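Residue numbers (our numbering): 1 to 466. Worksheet: the structure to be examined is printed underneath.
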């Protein structure tokens, strides 16, 4: 087993909400005359364990107790209330108490207010908070499958949006164990970006205190007007891209990660894929850095490795895919967007570490510039994580397709190529499913805010040794 690197680290985890409207068997009230209620659940922010028997207390703004109930066998609770503004807490032995303050009840179009608690246990020493809410249309209808992403307001503190989830069938979402410190110090404020189909993207700034739960419902307005398409690629046909290493076009297929079946790696607690690769974001093809033969990027496996090793290779591997030329002549601004799904190691996945996923702009006849990496800013804090994944959903969370966007306005008037590159850097912890890319799009519309990191990353680290 190779040693785990533990640089300055922060941990984040996220959870896709499970609908929680079931009445609490231990102490739910009868419906109030006004028909208003607060419902939700208590769930471990790291393991997703449903917290049965957790005490949920509801008080008014003067501190008077309104209700106190225990969560049921699957962690759900329900409290009926009159319209008003309330504070809620959840407490259970072995866990840090989490509080949601100034929760407003009384909107006739939203009589059931969702408060999904996600506390951490007492072993977690870094300061964390949480966020939950419902994504709604302008008419008040819940919006399923909306992407909710969180970043420090100053993106340089967290390397952009570091965690994403998707809203469930009832529009509900939750992100737990949000780190309140970064390598550069305290994160004073966060921003939450919500995206769904043809709706206008919305960004809200929030402040999160330690062990607090921010309840934030988000409304989206339809008719997001996109820019004019300059270049698009869905990988449904061969269109002049060049592929190197394990990068290739991949048709939807039932390919299972053999490292999972051989017990070298584990799936995240909320991952129900049984280790199979994902379907394309759209159509039947996507681009994949990985091998059909193993369902991973392990290459040639090491002989005689232990179970839960993370999948050891006999050496490092790398590869890239490069687009055809894209002409940005005559434009005043431009942007790149694509959808990404990945599962890599969680030992040292940070942006200066291993399993690097990097995007470059190559000027035809000129220079090549990195415009960003998808890796997290820092490594997780949990020990003994060799077999656990870091994914596009977060540390030890199920992977999901997430939206990425970069500003190309500094390249207008030029011809460019896009390059997507993956580098393991060494042979350790390579038993994961890799990186998928789909729906690459270049338009003549710049992002609302520049998304490029503009960093000079320097050389990759030295390979790790036993």
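For every residue, glycine included, the Cβ atom is placed at its ideal position computed from N, Cα and C. Predicted, not measured: the structure shown is a model, and the values here were computed from it.
Taking every protein chain shown into account, the CB of residue 61 has fewer than 16 other CB atoms within 10 angstroms, so this residue is exposed.
Counting the other Cβ atoms within 10 Å of the Cβ of residue 226 gives fewer than 16, which makes it exposed. Taking C-beta separations shorter than 7 Å and ignoring five residues to either side along the sequence, the partners of residue 51 in its chain run 42, 43, 44, 71, 75 and 92, following chain order. Within the region 192–277, the complete beta strand (DSSP E) runs of at least 3 residues fall at 202–206, 213–215, 218–220, 229–233, 242–244 and 247–251.
The continuous beta strand (DSSP E) containing residue 116 extends over residues 112–117. Boundaries for residue 51: no beta strand (DSSP E) harbours it, and the DSSP string shows neither H nor E there. Residue environment for residue 346: buried (at least 16 other C-beta atoms within 10 angstroms of its C-beta).
Nearest to residue 375 by C-alpha distance, out of 140, 260, 355 and 151, is 355.
Straight-line spacing of the CA atoms in residue 210 and residue 127 works out to 5 Å. In this structure the region 261–274 does not touch the region 229–240; the number of beta carbon pairs closer than 8 Å is below three.
When DSSP reads this structure, residue 179 sits in a beta bridge with 128.
In this structure, the beta-carbon distance from residue 297 to residue 404 does not fall below 8 Å. The distance from the Cβ of residue 276 to that of residue 344 is about 17 Å, inconsistent with a contact at the 8 Å cut-off. Membership of residue 46 in any beta strand (DSSP E) is not indicated, and neither H nor E is assigned to it by DSSP.
Taking C-alpha positions only, residue 437 is separated from residue 463 by approximately 26 Å. The secondary-structure analysis by DSSP pairs residue 40 across a beta bridge with 77 and 115. Within the same chain, 48 and 398 come within 6 Å of residue 270 by CB-CB distance, once the 5 residues on both sides are set aside. Residue burial annotation: residue 309 is buried, with at least 16 other C-beta atoms found within 10 angstroms of its C-beta.
Residue 345 carries a strand assignment under DSSP once its states are collapsed to helix, strand and coil. When rounded, the separation of the alpha-carbon atoms in residue 77 and residue 171 is 18 Å.
A Cβ-Cβ separation of about 28 Å leaves residue 178 out of contact with residue 106 under the 8 Å criterion. For residue 108, the number of other beta carbons within 10 angstroms of its own is below 16, and it is reported as exposed. For residue 199, the closest of 174, 86, 143 and 253 by C-alpha to C-alpha distance is 143. Using a 10 angstroms sphere on the CB of residue 63, the tally of other CB atoms stays under 16, which defines it as exposed. Around the CB of residue 350, 16 or more other CB atoms lie within 10 Å, so the residue is classed as buried. Residue pairing of residue 370 in beta bridges, as defined by DSSP: 360.
By the beta-carbon neighbour count (other beta carbons within 10 angstroms, threshold 16), residue 186 is exposed.
Using a 10 angstroms sphere on the CB of residue 228, the tally of other CB atoms stays under 16, which defines it as exposed.
For the 8 Å CB-CB criterion, residue 358 and residue 370 form a contact.
Taken in chain order, the unbroken stretches of beta strand (DSSP E) that lie wholly in the region 374–459 and span 3 residues or more are 389–391, 402–407, 415–423 and 434–443. With a 10 Å radius around the Cβ and a threshold of 16 neighbouring Cβ atoms, residue 184 comes out exposed. Under the three-state reduction of DSSP output, residue 88 falls in the strand class. Remark: C-beta atoms of residue 245 and residue 328 do not approach each other more closely than 8 Å.
Assigned with DSSP and collapsed to three states, residue 156 falls in helix. Looking from the CA of residue 193, the closest CA among 116, 146, 235 and 157 belongs to 146. A distance of 8 Å or more separates the beta carbons of residue 306 and residue 348.
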